[in-house]
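S.K.: Chains A and B, in that order, are what the protein sequence lines are. Read left to right, the first sequence gives residues 911 to 1018 (my numbering). Read left to right, the second sequence gives residues 7 to 120 (my numbering).
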Amino acid sequence: EDKVVQSPLSLVVHEGDTVTLNCSYEVTNFRSLLWYKQEKKAPTFLFMLTSSGIEKKSGRLSSILDKKELFSILNITATQTGDSAIYLCAYYGQNFVFGPGTRLSVLP
Amino acid sequence: NAGVTQTPKFRILKIGQSMTLQCTQDMNHNYMYWYRQDPGMGLKLIYYSVGAGITDKGEVPNGYNVSRSTTEDFPLRLELAAPSQTSVYFCASIRGTGMNTEAFFGQGTRLTVV
């Protein structure tokens, strides 16, 4: 059965800290792995990863995929209170399957 | 470009009532999905469709039905609402079916069954 696991499930940091969120997956027919940020409403798209070892960056956020070891990480540097959200990892294979999410709280 | 539109945004149902959650997309996407998200949890797939006239069950289909008579619309039907169906429901559609794709989400429907 296809599965996505995220860790940690919850994380509390202070502004300025750097965080690493983990996503591992067991899937068939892998097409891509995606990261979403969810605040109060619908998830918003962050990154889509299809190839191993190629880092994607957007401002203070970056992500990389390891298709051999079946995991991805999302890094956030110099965290801000506005980064507080649930970060969802999803793979796209047969369907979109989401992990449980990591709830990040950034304290001032 | 409206993207994915869900209605209603909020709804309170009594146990045993029925309702339809509407989802429409104007991007000509073939693939559409319904998810539910319980408090503090990730999204779980209820049903999905790969095109008009084709639907299939996801991870948690019990208590729900769907139809896909057009490319644009993918309504989700609850026939006999139960408290366990209290959740936030998201509809999503996919731009493409190849490697490079992302899901576009509606803004969600918050359903409470009392």
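Glycine is no exception: its CB is placed at the ideal position from the N, C-alpha and C atoms.
Where F957 of chain A and D912 of chain A are concerned, what is the direct C-alpha to C-alpha distance, given to the nearest angstrom?
M.R.: Approximately 21 Å, taken between the alpha carbons.
S.K.: Excluding the 5 residues flanking A1000 of chain A on each side, which residues of the same chain have their C-beta closer than 6 Å to its C-beta?
M.R.: Counting only Cβ-Cβ distances below 6 Å, and skipping sequence neighbours, we find L944, F1006, F1008.
S.K.: Figure out for me which residue from A:V929, A:V1016, A:E936, A:H924 has the closest Cα to the Cα of E979 of chain A.
M.R.: Measuring from the Cα of E979 of chain A, the nearest candidate turns out to be A:E936.
S.K.: When Cβ atoms are compared, which residues of the stretch 950-965 of chain A fall closer than 7 Å to chain B?
M.R.: Answer set for the stretch 950-965 of chain A: K951, A952, P953, F955, M958, T960.
S.K.: Taking its Cβ as the centre, do 16 or more other Cβ atoms sit within 10 Å of E108 of chain B, making it buried, or is it exposed?
M.R.: So E108 of chain B ends up on the buried side.
S.K.: Give the residues of chain A in contact with A98 of chain B, contact being defined as C-beta atoms less than 8 Å apart.
M.R.: Per Cβ cutoff of 8 Å: F1006.
S.K.: Do you know offhand how far T960 of chain A's Cα is from S942 of chain A's?
M.R.: Cα to Cα, the separation comes out at about 5 Å.
S.K.: Would you list, in chain order, the members of the stretch 36-47 of chain B that have their beta-carbon closer than 9 Å to a beta-carbon of chain A?
M.R.: Hits within the stretch, in order: Y37, Y39, Y41, Q43, G46, M47.
S.K.: Quick check on G112 of chain B: does DSSP put it in helix, strand or coil?
M.R.: Note: G112 of chain B maps to coil in three-state DSSP.
S.K.: Let's test the definition: count the other Cβ atoms within 10 Å of the Cβ of G963 of chain A and tell me whether it reaches 16, buried, or not, exposed.
M.R.: Classification of G963 of chain A: exposed, given that the 10 Å Cβ count is below 16.
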